[in-house]
Amino acid sequence: MGAKSTPLAIKVAIYERLLSGQMSREIGRSYVLSQPTVLKYANDAVDELRRIRAVEASPVLLGFLSRKLKTQCFQYPDDEEVRLLMAPILEPYLARAESINFAGRESADQPLSTRVSRSTEEEFLQIVSSLADGQRPGMTPSALLRELVENFVALHRANKPALNPASTPIPHVVQSSIPAVDTEALLADVMDAVRIQFAQHGLAPKPD
12 MGAKSTPLAI KVAIYERLLS GQMSREIGRS YVLSQPTVLK YANDAVDELR
62 RIRAVEASPV LLGFLSRKLK TQCFQYPDDE EVRLLMAPIL EPYLARAESI
112 NFAGRESADQ PLSTRVSRST EEEFLQIVSS LADGQRPGMT PSALLRELVE
162 NFVALHRANK PALNPASTPI PHVVQSSIPA VDTEALLADV MDAVRIQFAQ
212 HGLAPKPD
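Here the sequence shown is numbered in the working numbering, starting from 12 and rising by one per residue.
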């Protein structure tokens with residue numbers, strides 16, 4: 012999704028799933044979201060639903076939506092009145108959410124394996140293993156990825172002293188024809204740069 016905000020319809024759909032008894036972890040897997048993000052989106056949905064005129068006119072719904080999310084989830088399955096009142100409120104959002112391929116977006120919550128090719132991931136893990144067995148005991152994929160990105164940015168900054176980040180568009184900084192929000196392209200650039208550095212130190216991925 013890049014810098015775009017999450018559609019309200021998706022947040023309401025997540026909220027409705029919680030009300031229906033689904034576990035936040037299960038919902039997170041469906042939408043490729045972390046558990047804290049699932050709960051945040053559900054609370055965002057509650058805040059927005061409370062502003063709807065039909066909800067404001069219903070003491071029952073206002074009372075229900077004013078409770079904590081956990082309490083709502085306990086109450087909802089057994090409260091027929093609330094369910095009947097909520098149904099027409101939720102229905103338009105749920106219908107809209109069905110047409111949105113939210114799980115197919117590019118997301119910072121997604122693991123590395125879902126954002127790069129399998130061969131790239133395997134080669135990266137081999138590099139990590141080589142370092143962990145030799146010069147960098149205890150090295151992990153996440154630690155190396157963070158280090159590579161930081162070093163890549165520092166190297167690029169050193170090579171472009173005249174650039175002003177505040178006034179230069181991101182695509183020019185990345186030096187790529189692909190939009191800067193394309194994390195796969197960024198990681199590919201990082202991997203190319205780090206392979207060169209590793210080769211200079213005599214390091215190479217383990218053979219298959």
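Glycine is no exception: its CB is placed at the ideal position from the N, C-alpha and C atoms.
Same chain only: Cβ atoms within 7 Å of residue i, ignoring 5 sequence neighbours per side
i, result
"residue 28", "38"
"residue 96", "69, 71 and 72"
"residue 94", "87"
"residue 84", "29 and 30"
"residue 113", "21 and 42"
"residue 35", "29, 46, 49 and 50"
Of the listed residues the options, nearest to residue i (C-alpha basis)
i, options, result
"residue 102", "149, 133 and 24", "24"
"residue 100", "17, 76, 158 and 162", "76"
"residue 58", "150, 165 and 78", "78"
"residue 63", "32, 104 and 40", "104"
"residue 131", "206, 146 and 53", "206"
"residue 108", "56, 19 and 51", "19"
"residue 203", "67, 139, 159 and 140", "159"
"residue 89", "32, 144, 169 and 153", "32"
"residue 26", "143, 168 and 98", "98"
For residue i, the first and last residue of its enclosing alpha helix (DSSP H)
i, result
"residue 49", "46-60"
"residue 87", "No alpha helix (DSSP H) contains residue 87, which DSSP labels as neither H nor E."
"residue 65", "64-67"
"residue 70", "70-76"
Residue i versus residue j: straight-line alpha-carbon distance, rounded
i, j, result
"residue 163", "residue 157", "10 Å"
"residue 82", "residue 17", "25 Å"
"residue 74", "residue 133", "52 Å"
"residue 60", "residue 161", "41 Å"
"residue 67", "residue 52", "21 Å"
"residue 168", "residue 44", "32 Å"
"residue 144", "residue 165", "27 Å"
Three-state secondary structure (DSSP) of residue i
i, result
"residue 140", "helix"
"residue 106", "helix"
"residue 149", "coil"
"residue 33", "coil"
"residue 79", "coil"
"residue 38", "helix"
"residue 111", "coil"
"residue 18", "coil"
"residue 184", "No answer about residue 184 holds up, because its pLDDT of 44 lies below 50 and its placement is not dependable."
"residue 43", "coil"
Sequence-distant residues of its chain with Cβ nearer than 6 Å to residue i (five each side left out)
i, result
"residue 155", "139"
"residue 55", "22"
Residues near residue i in its chain [Cβ-Cβ closer than 8 Å; skip 5 each side]
i, result
"residue 136", "152"
"residue 150", "139, 142 and 143"
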